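K.L.:
Numbering (the numbering used here), first residue to last: 1 to 328. Submitted below is the structure of interest, expressed as structure tokens.
What follows is the structure, given as structure tokens:
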């Protein structure tokens, strides 16, 4: 099978399978059939991360009409203004875009492998179509499973925090690799990929195994949260210990703070987050620093030893008092 022929078939097969059929409608027609004004659908469309083409361009399928109708039919969405709706769409779009960028090569490779393994007596177009449909079905099943498991865990935390609204009392922490920028100048891309994989896998395991959850990974840094200061302390110490067991992994700086934070679309904001980030920046490699509130919450806990350090001046805080955390 020739590469140009495979490429053409893949493009056509993937588009129709992923978009739910051929492009048939303009934005004006989508507005008429969904009941959502064209201006609003355009704003939601761009918030999802897609280019805002001309209203009369034939860019949309029946799936687009169904999706915008379902989105606006949700009671919470319908009760909010377009700005809030766009913010929700933007968050969904950013998460899905990152996932799709990672998956694209995997999906294409799997489709090619399945098409190549099929009976050569079957026409190429049929093999590509069947391989596309089976690959997408498998990936959708896995994604749905993982999403449901994560949603169950997140919903349980939300139920426990009922009444706190958009603010919650949490421990928020960071861990970052020391000297990462210098390392990237000398590492081969394959070595850099291996390093990041080791960092992400060990920190994620330390966080989840000890009762916390990952907020996000950004290059050489991971942000995590926990319900209590004690849980965060176990996580922070476990992160330091686990990365020491992985050969070639740079030393880490780890810190966390405890208090009221704002939850917004899966991320956390507020002074507690800023304090944790500043403490991480001043922590010595291999150490764990915590703030006053976390130190107070852990006071008297025989599992931990806390050493009070001198106050430091950091951006946004004239006097920030760190405390070094260790196992008792």
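Think of the CB as a built atom: it goes at the ideal place given N, C-alpha and C, for glycine as much as any other residue. Since we're looking at a predicted model, the values are computed, not measured.
The alpha helix (DSSP H) with residue 330 in it runs from where to where?
P.N.:
Outside the shown range of the chain (1 to 328) lies residue 330, about which nothing can therefore be said.
K.L.:
Thinking C-alpha only, which one of 217, 20, 152, 199 is nearest residue 61?
P.N.:
The residue you call residue 61 lines up with position 61 of the chain shown. The option with the nearest alpha carbon to residue 61 is 20.
K.L.:
What are the boundary residues of the beta strand (DSSP E) that includes residue 325?
P.N.:
Here residue 325 refers to the residue found at position 325 of the chain shown. Its beta strand (DSSP E) spans residues 323 to 327.
K.L.:
For residue 174 versus residue 220, is the C-beta spacing smaller than 7 Å?
P.N.:
As a working note, residue 174 is residue 174 in the chain shown. As a working note, residue 220 is residue 220 in the chain shown. Not closer than 7 Å, so no.
K.L.:
To the nearest angstrom, report how far apart residue 44 and residue 149 are at their CA atoms.
P.N.:
Residue mapping note: residue 44 aligns to position 44 of the chain shown, counting from 1. Residue mapping note: residue 149 aligns to position 149 of the chain shown, counting from 1. Computed Cα separation, rounded: 27 Å.
K.L.:
Residue 176: buried (16+ other C-beta within 10 angstroms of its C-beta) or exposed?
P.N.:
Within the chain shown, residue 176 is the residue found at index 176, counting from 1. So residue 176 counts as buried.
K.L.:
Under three-state DSSP, which class holds residue 71?
P.N.:
The sequence position of residue 71 within the chain shown is 71, counting from 1. Helix.
K.L.:
Between which two residues does the alpha helix (DSSP H) holding residue 292 run?
P.N.:
Position 292 of the chain shown, counted from the first residue, corresponds to residue 292. Counting along the chain, the alpha helix (DSSP H) containing residue 292 begins and ends at 292 to 298.
K.L.:
Report the CB separation of residue 215 from residue 223 in whole angstroms; it is logged as a contact under 8 Å.
P.N.:
As a working note, residue 215 is residue 215 in the chain shown. As a working note, residue 223 is residue 223 in the chain shown. Correct: roughly 4 Å between the Cβ atoms.
K.L.:
Please list, in chain order, all residues of the same chain as residue 5 whose beta carbon is under 8 Å from its beta carbon, the five residues on each side excluded.
P.N.:
Counting from 1 along the chain shown, the entry for residue 5 is found at position 5. Excluding positions up to five away in sequence, the list reads 124.
K.L.:
Between the beta-carbon of residue 263 and the beta-carbon of residue 254, is there less than 7 Å?
P.N.:
Within the chain shown, residue 263 is the residue found at index 263, counting from 1. Within the chain shown, residue 254 is the residue found at index 254, counting from 1. Not closer than 7 Å, so no.
K.L.:
Whose CA, out of 251, 295, 140, lies closest to the CA of residue 100?
P.N.:
As a first step, residue 100 is located in the chain shown; it is residue number 100 there, counting from the start. The shortest Cα separation from residue 100 among 251, 295, 140 belongs to 140.
K.L.:
Apart from the five residues on each side of it in sequence, which residues of its chain come closer than 7 Å, Cβ to Cβ, to residue 86?
P.N.:
By 1-based counting over the chain shown, the position of residue 86 is 86. Excluding sequence neighbours, residue 86 sits near 43, 44, 47.
K.L.:
Taking the straight line between their C-alpha atoms, what separation do you get for residue 233 and residue 202?
P.N.:
The residue you call residue 233 lines up with position 233 of the chain shown. The residue you call residue 202 lines up with position 202 of the chain shown. If I take the Cα positions, the gap works out to 16 Å.
K.L.:
Quick check: residue 13 and residue 128, are their CB atoms within less than 7 Å of each other?
P.N.:
Within the chain shown, residue 13 is the residue found at index 13, counting from 1. Within the chain shown, residue 128 is the residue found at index 128, counting from 1. Contact: yes.
K.L.:
Relative to the C-alpha of residue 225, which candidate in 172, 274, 238 has its C-alpha closest?
P.N.:
For this step, residue 225 is matched to residue 225 along the chain shown. That would be 172, whose Cα lies nearest to the Cα of residue 225.
K.L.:
Which ranges would you report for the alpha helix (DSSP H) in the segment 211 to 289 if only whole runs of at least 4 residues count?
P.N.:
Counting whole runs of 4 or more residues, the segment 211 to 289 contains the alpha helix (DSSP H) stretches 229 to 244, 271 to 282.
K.L.:
Measure the Cβ-Cβ separation of residue 272 and residue 312 and say whether it is below 7 Å.
P.N.:
Position 272 of the chain shown holds residue 272. Position 312 of the chain shown holds residue 312. Taking 7 Å as the Cβ cut-off, residue 272 and residue 312 do not qualify as a contacting pair.
K.L.:
For residue 153, count neighbouring C-beta atoms within 10 Å of its own C-beta (all shown protein chains included) and say buried if the count is 16 or more, exposed if not.
P.N.:
Counting from one through the chain shown, the residue named residue 153 turns up at place 153. With fewer than 16 Cβ atoms within 10 Å of its Cβ, residue 153 is classed as exposed.
K.L.:
Take the Cβ of residue 121 as the centre, count every other Cβ of all protein chains shown within 10 Å, and call the residue buried at 16 or more, exposed below.
P.N.:
Against the chain shown, residue 121 aligns to sequence position 121. So residue 121 counts as exposed.
K.L.:
Got a sec, what are the start and stop residues for the alpha helix (DSSP H) residue 207 sits in?
P.N.:
Locating residue 207 in the chain shown gives position 207, where the first residue counts as 1. Note, residue 207: alpha helix (DSSP H), 189 to 209.
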